[in-house]
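Enquirer: Here's a structure for you.
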Amino acid sequence: MKTFEKKDFIYTSCYCEENVYKLCEKLHRRFFIPLSRIYAVFISNEDKQDYHVIALVKGEEGQPNVIFDFDSTLPFPCEFNAYIINAIYPKHFARIIQQQQE
Numbered sequence: 332m333k334t335f336e337k338k339d340f341i342y343t344s345c346y347c348e349e350n351v352y353k354l355c356e357k358l359h360r361r362f363f364i365p366l367s368r369i370y371a372v373f374i375s376n377e378d379k380q381d382y383h384v385i386a387l388v389k390g391e392e393g394q395p396n397v398i399f400d401f402d403s404t405l406p407f408p409c410e411f412n413a414y415i416i417n418a419i420y421p422k423h424f425a426r427i428i429q430q431q432q433e
């Protein structure tokens, strides 16, 4: 997978959903990653009153899945397993929503 940096993408503080939408759009349109490999992941508390949104990109065969999280101090992107171990806690819930085909 290409090397990405946060500065390659539009980011606005406190707008994680919009940031991920624009990130997914750019990954597809500029970097030609198929939409079938790009997911928006909503992470919320038990009451679903607060949430955070990240992007998951499924790796090509033999490549790891990666997470793009603008608000994390982990690498950008971060390998999926490292992200789960270092950023997600068991009581959080995640909803994964695949980007729609054009």
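Residue numbers (the working numbering): 332 to 433.
A virtual CB, placed ideally from N, CA and C, is assigned to each residue, including glycine.
#1: Hey, out of I398, F340, T404, D381, whose CA is closest to A371's CA?
#2: Taking D400 as the reference, which of P365, A413, R361, L366 has the closest Cα?
#3: Taking the beta carbon of Q430 as the centre, do at least 16 other beta carbons fall within 10 Å, making it buried, or is it exposed?
#4: Considering only C-alpha positions, which residue in the set D378, Y352, F335 is nearest to F362?
#5: What residue ranges within the region 359–420 form continuous alpha helix (DSSP H) runs of no fewer than 4 residues, ordered along the chain?
#6: As a quick exercise: from P406, Y382, I374, E410, pick the residue whose alpha carbon is nearest that of G393.
#7: For N350, is the classification buried or exposed, using 16 other Cβ atoms within 10 angstroms of its Cβ as the cut-off for buried?
#8: Can you tell me the Cα-Cα spacing of P408 and L387, whole angstroms?
Expert: Let me spell this out:
#1: Of I398, F340, T404, D381, the residue nearest in Cα terms is I398.
#2: Selected option, being the one with the closest Cα: A413.
#3: By the Cβ-count criterion, Q430 is buried, with 16 or more other Cβ atoms from all chains shown falling within 10 Å of its own Cβ.
#4: It is F335.
#5: Runs of the alpha helix (DSSP H) inside the region 359–420: 411–418.
#6: The alpha carbon of G393 has as its nearest neighbour, out of P406, Y382, I374, E410, the alpha carbon of E410.
#7: The residue in question, N350, is buried, as its Cβ has 16 or more Cβ neighbours within 10 Å.
#8: Approximately 9 Å between the Cα atoms of the pair.
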